[in-house]
Structures are given as C-alpha cells and as structure tokens.
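A quick write-up on the structure given underneath.
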Amino acid sequence: MTNTAMLLLWISLGLSVVFFLAIVGTWIYSYYFKRTTEKTNEALEEMLGAVFALEGHEQNIVISRKLLGYVRNSWLRRELLMKALVEFAGRLPAEKQERVNQIVEETEISAYLARLLSSNSSSNHSIACRYIGDLRVSSLREEMLKLKDSRNNDVLYNMLLALAKLGDVEGLSAILSANSSHINLSFRAVVEVVTAFKGSMEELIGQTIDHCDDYMKGILIKAAADEGHSGLTPIYVKYLSSDNKNLRIACIRAIAETKDTGNESHLIGMLEDSEWEVRAAAAKGLEQIGTDKSIPSLGEAVKDKEWWVRQNAASSLVALPGGRKYAESIIKGEDRFASEAIVGVLEMSS
Amino acid sequence: MFIFWKFILYFSGFCMIYTIAINLFYNGQMLVSVFDLFSYLRKMKSSDYKRYIGSKNMIPISIIVPAYNEEKTIVDNIKSLLALDYYEYEIIVVNDGSKDSTRDRIIEEFGLTLVNQPVKKSLQTKDIRGIYRSPQFERIILVDKENGGKADALNAGINVSSYPIFASIDADSILENEALIKLTMIFVEHPETVAVGGIVRLANGSIIKDGKLVDMRIPKSRIASFQIVEYLRAFLTGRTSLSRLNSILIISGAFGAFNKSAVIEVGGYKANTIGEDMDIIIKLHEKMKREKRKYKIKFLADPICWTQAPESLNDLRVQRRRWQIGLFDNLLAYRGMLFRKKYGAVGMLTLPYYWLFELIGPVVEFLGYIFIPMAYLFGLLDFHNFLIYFIVAFLLGTSLSMGSILLEQISFRKYTSFKDIMRLVLFALLENLGYRQLTILFRIEGILKFRKGRHSWGSIKRKQFVPTESK
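Chains as they are written, first to last, in UniProt numbering: chain A, 1 to 350; chain B, 1 to 471.
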C-alpha cells in the first residue's frame, strides 16, 4: 500500500509541478511569440510594399532575394509571408497577379506547398490546398489533383475550392462528374465552391451537367441560379421534368432568379406537381416572376392541402399587381384554411 | 463491533481507491482532450468559415431565446445577437409568461407590434398569446406565451422558426461575434451533424460594451473565480473528450445548435423537466443509434458563449442542486440504454461514467470525508497512509484544474495578463480546500430532494453585464 501510495504521490506531485511550469512557460512563449509576429509582419509589410511598388526587373530580383533570405530558415516567417501575400493578392489589381506568382516561386513557397502536399498529414494537405487556391499557384495543380480520392472532408473541400479559384474547368468538372457519394460535404459547401469558380460558369455547367448525378445537377443549378445566369435557362427548363424532386425545386428557384416573366408559364405548370415541396417552391418563385396570368393558379394553390404551399401561394398572390384584390375575395370564400393563410399574409404585410 | 470496524476499514479503502480512480479517469480525459484540441486548432488553420460570414449559401439559422423574468439582461442579449457575423438568421425571443417586464422592455426597445403570424404546430406547447415584430428590426420575433417552462418555450420557438437549423441561447448570455458561424460550419462540413454545442465561459468581472465582451478579467467574487476554473475543466477536458468519442450527453442549454427536423422527429424538448438540455441529446443518441443512422453530435471548444455565474452561495446552491436533479432524472429515464451494445460508446462508456462518477461521486466523496478520518481515529489506518491519501487526492484534483488552465493557455489564450493567470492557478489550488466540498453538499442535497424538486427550476438572481470599465 505504502509503495503504491508513494508512487501516486510522486505522480500527482509531478503532474501538478509540470502543469504549473508549463502554464508559466506558455505565457512567456506566447508573449514573445506575439511580439515576434508583430515585428515580422511589419518587416514583411515593408518588403512586400517595395516589391509591388518597384517596376525594374533587377530591383525586383534583389528584393525577392532579400525576402527569400528573410523567410528561408524560419517556418513562422514563411507562414506569415504566405498570409501577407494572400492579403496583398486580394488588394492588387488583376495585372499584378503575375507578380504574386513570381514571388511564390522565388521565395520557395511553392516548393514548401509541394512538400506539404506530399506529406502524410491530411491537415498539411488541407493547408496546402488552401494556399494554392488563395495564391493561385497553378503550377501545383497536378500534385494537388492526386488528392482527389481523399476521404477527408477538409482536404476535399479545400482542393475543390482551390480548383474553383484557379478557374480549372477540367479538374473541377472531373471531380463533380464522379459519383457524388464520394463528396461527403453538405450541398451548401459544394454550392459555395461552384460559386467561387473564377471562370465561365456556362462552360463549367455545360461541360459537367450531363455527366453528373441528380444531386450534383441540383447543386450546379443552384450555384448558377445565385449568379443569375439566364443563358442557362434551357437547362433549367429541361430538368423541370426530372424524376428527382430536389432537382425540380432547384430548377424552379433558378428560373425565378432569372427575373424573366417570359418563364412564368413554366412555374405555373409546376403548381400542379405531385410533391408539395415542389408546389411550394413554384408558388414562392412566382412572387419573383409572376404577372396577372399567375393569379388564378395561385388562387387555387392557396387552397392546397399543405400548409407551406398555402402560405407561399398567399404571399405571392398578395405581392402580385392585382393579386391583393383577388386574395380578398378568397377571404370571403368557404375555404377556412385558404382564408387564414391570406389573412395572415395581409396582416404581416400591412 | 468487529463488523463495524471492518466496515469502516473496507469502506475507507473503497473511498480512497474511488477518489484516486475518478481523478485518474479525469486526467485520462484530459489527455484525449489535448489530442482533440490540437487537431481542432490545426483544422482551423485551413478552415474557411470566414468566407461564409457574408455568403448566402450559409445555412440560415433561427436563434431561440427562451426568457422568463429576464428584464435585466434581455435587451443586452438581443443587441449582442443583432451584432452577430451571419448572413441570414432570425432571433426568436420566447417570453415564457414572465412576471416582470421582460416582454414590455423588448417591445419598447425595438418598437415591436402585434402581428398575426401563422404558426405551424409541429410540437405541442402552451398557448401563444401573440407574436410581435417590427419592420425596423426584421430579424427579431417576440413570441409571448403562457408559462410552460424552458422546454415548452423552446418548443414554441421551434414551431415559429423558419429555418432548418436552430440555436438555443440563454437570455443571460452573450455570444462572440463569430461564435454562431463557427458553430454552424460543422453542419456545412459534416451534413450528418444533428447537434453541436459551443463552450460556455464566464463573463463575471469582464467588461461588456454594446453586447460585446471587450476586456476579459478575473472577477473579484471568489465564488465566481472558482467557477471559472470549474467551467474550464468541465468544457475543455470533460466535454471535449466525450465529443471525440461522439458520445457527449449534454449540450449546454446556454449555447447549442440543432438540426430542426431531427429534434422534431424525437418529439422536441421534454416539457416539465429541468434537465431538458441533457434529455434532448440522449433522445437524439437513442433514436439515431436505434435506427442505425449515421450522425454526429459535437462539442466545439472555440465558439464562445459568455454567461454569468452565480456570485452568492445561495444562488450557487440552487444551481448545483438543479443540475444534480436534472442529471438524476435523465439517468433514470434512460437507464434502459445502460450497458447496451447497440448504443455504442453512449451505452457502454458515457452513461456508466455519469452514473458512477457524476451522480454517485459526490455521495462517495462525502462519505469518504467521514469514514477515512474515522478509520484513522480508530487506529485502522496509519497516519502515513492517511496523509498520503489526502495529499494525492488534493494534488490529482489540482493537476486536473491546472491542466485545464494550461489547455486554455495553449489553445485560445483569452486571459492575457500574467496576474490573471496566476490568480486562476491560485483558485485551482484553493478549490480543493473548501469550495469543492461545498458543491458536493449542494449536489447531495439535489439527490435527496430529487422527488420534490424535479419539476421546479428555482430562481437565481440575475445581474446586468458590466457595461463600462471599472477600476
């Protein structure tokens, strides 16, 4: 008992002392780390300011060498340089982007990112992909694409985002066209990736949509809709007849986002859909592109058996020119649920 | 007499082994937490959450704030919510039949008027008296309802909410600007997530301006200072480690986000109970595991919700009693999951842990304080072993608290002043010399008053957040 007790005593005493010393040590380290970071940031800001202000080739080489010398043997300085470059790149005009790429090469950042890509750590892969996208390091595209089968969500997300930022139609299309079950990201994350695409959305969607599954089709259509690409309307209309209700809903929303009243009839037709979610989306969409032609159909949709359809239809009906008068006539009708939906919307909008 | 002596001897031995085992277990939890926190910090290096702050692709969220007699803090709370960095969200304040002027203060401050908003009754609740909105503050929805308790108020908020994810926030809490986006990013990255909780930290003594915490300080109140150490330990080690095993049982009612359809599927919050935050999580685990669905329930140590700890002994007593009753109630309600393989780590590890250490722990520790000195006084235990036991128990408890302070220092460094950190270390040392024993008594009182108190919340005195710099 005594020996065990003494052992426990030493362990517990040791733990307490080690933790106490570590607390003090951490505080001292973080104090100096903060000061060093501030100083390094100031120096980098000055050097990068000079790099982008100078026009002469020789002067550029001198300052690039100076930068390389400054960051070569310090991981902290290199990381701070990468962060500073991302910030600078965001502020620079497009024509100076080329210079950012040169600095990335000259200061051996691209070699460092390549090392991260070839390491065994998923978190290194994610960080590398992140910087490849932010700094537009297209030279590492092939290396990065080797990670396309990664099961790690962070790696996959950052790689997709990097491809989008590089405007890489081929790479992005190849991954999105594959089975979407390999991409365990929410549809919002993938929409965000597609929205970040720095290239022709029409080209990306045109090249991808017929080769991917319904889930990915819906995502592509949603992303395109957010950007208001009216040139893609034939694609939206084509997939309104899909068997997949989510895809139909995505197409309805995309058509509504075109703000083109010429597409109104497509949405009116969808008010008859067998799925209530689709009818609700169509009713809502008509608020954006509906005209007086939609009023009778919306008047019928207000009597729908599903609560959300009634609410959306009532809301759209009241918003359309001439719709309020029609809606008021429904209040006096026999359908209590339709009447309630209209009254609610009228009170909210008054 | 011989049997009595034997009993004292063996029971003392049991208490000693138990105390050391519990502390070793907690230290083991801390080790798991270290790995989890480091991997979280590495992940945050490549995280893209800032991109989503202004993105319309971010999941819209309904923030539900149940409020009962919260006239002192509710306006500050709503202001902090209005300042959040998030693209699309609504703030649903549910006035649960307050007896003070909670409702009127909100109406007056934000110029709300009564509207006839239709409500889809997905969950049964007490009657809603009215819904108030304002064109000027479109995000705010005030639901005025009959008193039905916190769970009922949350259910009413869910019925009124429009978005697929909802967050529950206590009315006496304040969120950091990026807390909500950091919390909900997990739904974007891992769509199978059904619930996620953020860390709750204490703002006593800190300075809050316009709903934002601008300077973090250690409070003058000793009781609140002890609780700062306690909260760090509970969240940074306890919850982080259980979250790593996808078997966390509590997401604090003060700050959590949920997949609305999953919560509706399990019937919403259990009304007329005081441990509704634990009940909902166990219910979600139970359903998901039973139906063999892929799911995640996570705790994140970074999105911060600031709240106020009780500063008087009486308030602390009410709070701890309530927590223990809530724990007992839930453990009893879900005892059928105990040691059942189909419930995975929840049934095989977390629930037994809660029974053995969190529920029974205070009783064993209390009896230990009686029986071990008795064993020494009756000459059944030599002084050497008696002394070593107390020192080991003290040091293991202290090392756990110091480890949590260290984790905070390594990861988030919210306390920057050396003086404040040393004060925390001091409270970590002193905690085991009186404060811990006091909370044990309060928890035992909770167990004893379980039958009587399982439906009653009790009241804790609320204070306004400190609005200006105090010297």
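From the three backbone atoms N, C-alpha and C, an ideal C-beta is built for every residue, glycine too.
Check	Outcome
Rounded C-beta distance between Glu-264/A and Thr-291/A? I'm assuming under 8 Å.	6 Å
If the cut-off is 9 Å on Cβ atoms, which residues from the region 46-70 of chain B count as contacting chain A, listed in chain order?	Ser-46, Ser-47, Asp-48, Arg-51, Tyr-52, Ser-55, Lys-56, Asn-57, Met-58 and Ile-59
Measuring only the C-alpha atoms, how far is Glu-408/B from Lys-341/B?	35 Å
Could you list the residues in the region 29-54 of chain A with a C-beta less than 7 Å from some C-beta on chain B, going in chain order?	Ser-30
Taking 8 Å as the cut-off, does the region 73-81 of chain A touch the region 103-122 of chain A (at least 3 CB pairs, one atom from each stretch)?	yes
The beta strand (DSSP E) spanning Arg-133/B covers which residue range?	128-133
Work out the CA separation of Ala-234/B and Gln-29/B for me, nearest whole Å.	10 Å
Note down, one range per segment and in chain order, each alpha helix (DSSP H) of at least 4 residues found wholly within the region 42-122 of chain A.	57-71, 75-91, 97-106 and 109-118
Distance cutoff 8 Å, beta carbons only. Does Asn-158/A sit that close to anything in chain B?	yes
Which residues in chain A sit within 8 Å of Ser-399/B, going by Cβ to Cβ distance?	Ser-12, Leu-15, Ser-16 and Phe-19
Should Lys-145/B and Val-94/B be called a contact, given that it needs their Cβ atoms to be closer than 8 Å?	yes
Give the residues of chain A in contact with Glu-365/B, contact being defined as C-beta atoms less than 8 Å apart.	Going along chain A, no residue has its Cβ under 8 Å from Glu-365/B, so there is no contact; the nearest lies around 17 Å.
Quick test of your reading: Ala-196/A and Ala-164/A, contact by CB under 8 Å. State the CB separation rounded to the nearest angstrom.	4 Å
Inspect the CB distances between the region 85-97 of chain A and the region 58-74 of chain A and report whether three or more fall short of 8 Å.	no
What are the uninterrupted segments assigned as alpha helix (DSSP H) that are 4 or more residues long and contained completely in the region 245-295 of chain A, given in chain order?	245-257, 264-270 and 276-289
Opposite Tyr-89/B in the DSSP bridges: which residues?	Ile-61/B
For the alpha helix (DSSP H) that Phe-110/B lies in, which residues bound it at each end?	102-110
Do the CB positions of Arg-320/B and Arg-443/B come within less than 8 Å of each other?	yes
Decide if Pro-303/B is buried, meaning its Cβ has at least 16 other Cβ atoms within 10 Å, or exposed.	buried
Short of 7 Å in beta carbon distance, which residues of its chain neighbour Asn-153/A, apart from the five on each side in sequence? Order them along the chain.	Asn-184 and Leu-185
Check whether chain A comes within 8 Å of Gly-97/B, counting only Cβ atoms and requiring the distance to be less than that.	no
Could you tell me if Asn-259/B is buried or exposed, where buried requires 16 or more neighbouring beta carbons within 10 angstroms of its beta carbon?	buried
Return no unless some Cβ of chain B is closer than 8 Å to the Cβ of Trp-75/A.	no
Report the partner residues of Ser-80/B according to the DSSP bridge assignment.	According to DSSP, Ser-80/B bridges with nothing at all.
List the residues of chain A that Phe-418/B touches, going by C-beta distances under 7 Å, in chain order.	Trp-27
For Ile-180/A and Met-201/A, what's the separation of their Cα atoms in angstroms?	Residue identity check: residue 180/A is Ser in the sequence provided, not Ile. Distance between the alpha carbons of Ser-180/A and Met-201/A is about 19 Å.
Leaving out five residues before and five after Gly-14/A in sequence, what residues of the same chain have Cβ atoms less than 7 Å from its Cβ?	none
Can you check DSSP and say which residues form a bridge with Asn-95/B?	Ala-67/B and Asp-144/B
Looking at Ala-309/B: is its Cβ nearer than 8 Å to the Cβ of Gln-227/B?	yes
Between Asn-312/A and Ala-283/A, what straight-line distance do the alpha-carbon atoms span, to the nearest angstrom?	6 Å
Using the C-alpha atoms, what's the distance from Ile-59/B back to Asn-41/A?	35 Å
Per DSSP, which one or two residues make a beta bridge with Arg-201/B?	Trp-306/B
According to the neighbour-count rule (16 or more other Cβ atoms, all chains shown, within 10 Å of its Cβ), is Thr-258/A buried or exposed?	buried
Would you mind sorting Asp-76/B into buried or exposed? The rule is 16 or more other CB atoms within 10 Å of its CB.	buried
Are Ile-372/B and Leu-232/B close, meaning C-beta to C-beta below 8 Å?	no
Taking just the CA atoms, how far does Gln-102/A sit from Lys-96/A?	10 Å
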